[in-house]
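In my numbering, the protein residues as written are -17 to 314.
Have a look at this one:
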């Protein structure tokens, strides 16, 4: 069942649900919806919800959770996140647990493989077949268009049809699409194709990305050297790609720092190995503050409300670095 069919049709959920596909953002939303529907009482939700992940040391803990009796609720819900990261034997152990869920309780497995994946180990969705509710988060054109329109509505913004079509046809993951729209909507609630084209070009700038990566990794001196080199070649215009790349990188850090955040997919997947341990140290609050500071810097660079673009980047570098690395600007 496609993600939006699940949202609108509200199918019955039995003892097993599989969240599959490739869009991390839709997977998180699917989990949120499942929790709200299965455990509608917020007062007792925490008493009847267990969440596990691939770092678990014994799958028997999941078995104990799924067998537990509900407390002041109709059912108990157990979620296993990021099962796609499990090795072969733990996957077999988790599948064995999935066969033991008692009636009235529910096990939800997030296994972010494409539904038609044929390699081994076999995805849980294929193993379950019709015995489980399967929610496919893979985004086709219809899904992408609906997501873009919903995001625009939530931002109180509109976009030219050509801009919407470009987002629908792009290969970027939906988290990246959301981040781009959020940044553009800060500047203008009427998003034009030219705005989107400019944003896409700035994100692709390799030097700007090198700057952002170095800063988030704590190499502030190296980041500034890259930024100054870009200013030497591009002049005042360097501020926009630098601030945009930093907002994107900080957004990835925030995504990983959120509870259950990630994995990163698509064009951002290669950054997870470096960013996840940083996100664990930084925490959600500081990562979000760094992202919001970067977005404010991007807005200032785009709108031209600054007389000294290079000075803006210097201040932004210190601000974001200081939010990520407690007790200073993160210089090394």
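Note that CB positions come from ideal geometry on N, CA and C, so glycine has one too.
Predicted, not measured: the structure shown is a model, and the values here were computed from it.
Quick one: what's got a C-beta closer than 6 Å to residue 175's C-beta in the same chain, skipping five residues either side?
The residue labelled residue 175 in the question sits at position 193 within the chain shown. 142, 144 and 145, listed in sequence order.
Can you give me the C-alpha to C-alpha distance between residue 282 and residue 288, rounded to a whole angstrom?
As a working note, residue 282 is residue 300 in the chain shown. As a working note, residue 288 is residue 306 in the chain shown. One C-alpha to the other measures close to 7 Å.
Can the beta-carbon of residue 321 be found closer than 8 Å to that of residue 270?
There is simply no residue 321 to check, as the chain begins at -17 and stops at 314 in what is shown.
Which residues bound the beta strand (DSSP E) around residue 61?
Taking the first residue of the chain shown as position 1, residue 61 is located at position 79. Unbroken beta strand (DSSP E) run through residue 61: 59 to 62.
Taking 8 Å as the threshold, find out whether the segment 125 to 143 comes into contact with the segment 16 to 26 through three or more Cβ pairs.
The segment 125 to 143 is not in contact with the segment 16 to 26.
Measuring alpha carbon to alpha carbon, tell me which residue in 80, 85 and 302 is nearest residue 197.
Stepping through the chain shown from its first residue, residue 197 is reached at position 215. Cα-wise, what sits closest to residue 197 is 302.
Would you mind reading off the limits of the beta strand (DSSP E) that contains residue 118?
Along the chain shown, read from residue 1 onward, the residue named residue 118 stands at position 136. Residue 118 -> beta strand (DSSP E) spans 115 to 118.
Measure how close the beta-carbons of residue 88 and residue 57 come, nearest whole angstrom, since I'm counting them as under 8 Å.
Working through the chain shown from its first residue, we reach residue 88 at position 106. Working through the chain shown from its first residue, we reach residue 57 at position 75. Contact holds; Cβ gap of about 6 Å.
For the ligand MN, is there a heavy atom less than 7 Å away from the beta-carbon of residue 151?
Inclusion of the ligand MN in the displayed structure is not the case, the ligand content being empty and no account of it being possible.
Just to check my reading of the structure: residue -11 and residue 6 have Cβ atoms closer than 8 Å, yes? What is that Cβ distance to the nearest angstrom?
Position 7 of the chain shown, counting from 1, holds the residue named residue -11. Position 24 of the chain shown, counting from 1, holds the residue named residue 6. Not a contact, Cβ separation roughly 17 Å.
With DSSP as the reference, please indicate the residues paired to residue 89 in a beta bridge.
Taking the chain shown and counting its residues from 1, one reaches residue 89 at position 107. Answer by DSSP bridge pairing, in chain order: -2 and 60.
How is residue 141 classed by DSSP in three states: helix, strand or coil?
To locate residue 141, count along the chain shown from 1; it is residue 159. Residue 141: strand per DSSP, three-state reduction.
So the candidates are 121, 69 and 210; which of them puts its Cα closest to the Cα of residue -13?
For the purposes of this step, residue -13 is taken as residue 5 along the chain shown, with counting starting at 1. That would be 121, whose Cα lies nearest to the Cα of residue -13.
From the DSSP output, which residues share a beta bridge with residue 172?
Taking the chain shown and counting its residues from 1, one reaches residue 172 at position 190. DSSP lists 140 as the beta-bridge partner residues of residue 172.
Out of -2, 3 and -15, which one is the CA nearest neighbour of residue 245?
On the chain shown, position 263 is the one that residue 245 refers to. That would be 3, whose Cα lies nearest to the Cα of residue 245.
Can you grab the Cα-Cα spacing for the pair residue -5 / residue 112, in whole Å?
The residue labelled residue -5 in the question sits at position 13 within the chain shown. The residue labelled residue 112 in the question sits at position 130 within the chain shown. When rounded, the distance between both Cα atoms is 12 Å.
Go to residue 155, then tell me how far its beta strand (DSSP E) extends in each direction, as first and last residue.
On the chain shown, position 173 is the one that residue 155 refers to. Premise fails: residue 155 is in no beta strand (DSSP E) and is neither H nor E.
Under three-state DSSP, which class holds residue 328?
Residue 328 is absent from the structure shown; the chain starts at -17 and stops at 314.
Please confirm whether residue 177 and residue 166 have their CB atoms less than 8 Å apart.
As a working mapping, residue 177 is identified with position 195 in the chain shown. As a working mapping, residue 166 is identified with position 184 in the chain shown. Yes, Cβ-Cβ distance for residue 177 and residue 166 is below 8 Å.
Which same chain residues end up closer than 6 Å to residue 266 when comparing Cβ atoms and leaving out the 5 residues on each side of it in sequence?
What you label residue 266 is simply residue 284 of the chain shown in a count that begins at 1. The answer, listed in chain order, is 239 and 240.
With a Cβ-Cβ cutoff of 8 Å, do residue 191 and residue 225 count as a contact?
For the purposes of this step, residue 191 is identified with residue 209 of the chain shown, where counting begins at 1. For the purposes of this step, residue 225 is identified with residue 243 of the chain shown, where counting begins at 1. Cβ distance not < 8 Å, so residue 191 and residue 225 don't count as in contact.
Can you tell me which of 54, 118, 75 and 95 puts its alpha carbon nearest to the alpha carbon of residue 43?
What you label residue 43 is simply residue 61 of the chain shown in a count that begins at 1. Cα-wise, what sits closest to residue 43 is 75.
Please classify residue 185: is it buried, with 16 or more other beta-carbons within 10 angstroms of its beta-carbon, or exposed?
For the purposes of this step, residue 185 is taken as the residue at position 203 of the chain shown. Below a pLDDT of 50, predicted positions are generally treated as unreliable, and residue 185, at 44, falls in that range; the measurement from the model is reported next regardless. It counts as buried.
Counting C-beta neighbours from all protein chains within 10 Å, is the total for residue 317 16 or more, i.e. buried, or is it exposed?
Because the chain in this structure spans residues -17 to 314, residue 317 falls outside the shown range and cannot be described.
For residue 31, name the three-state secondary structure that DSSP assigns.
Residue mapping note: residue 31 aligns to position 49 of the chain shown, counting from 1. In the structure shown, the three-state DSSP call for residue 31 is strand.
May I ask you to report which of helix, strand or coil DSSP gives residue 311?
Residue 311 sits at position 329 when you count from the first residue of the chain shown. Any reading at residue 311 must be qualified, since the residue scores a pLDDT of 37, below 50, and its modelled position is unreliable; the value itself is stated next. Note: residue 311 maps to coil in three-state DSSP.
Between the alpha carbons of residue 222 and residue 216, how many angstroms are there, rounded?
Taking the chain shown and counting its residues from 1, one reaches residue 222 at position 240. Taking the chain shown and counting its residues from 1, one reaches residue 216 at position 234. Residue 222 and residue 216: Cα-Cα distance of roughly 11 Å.
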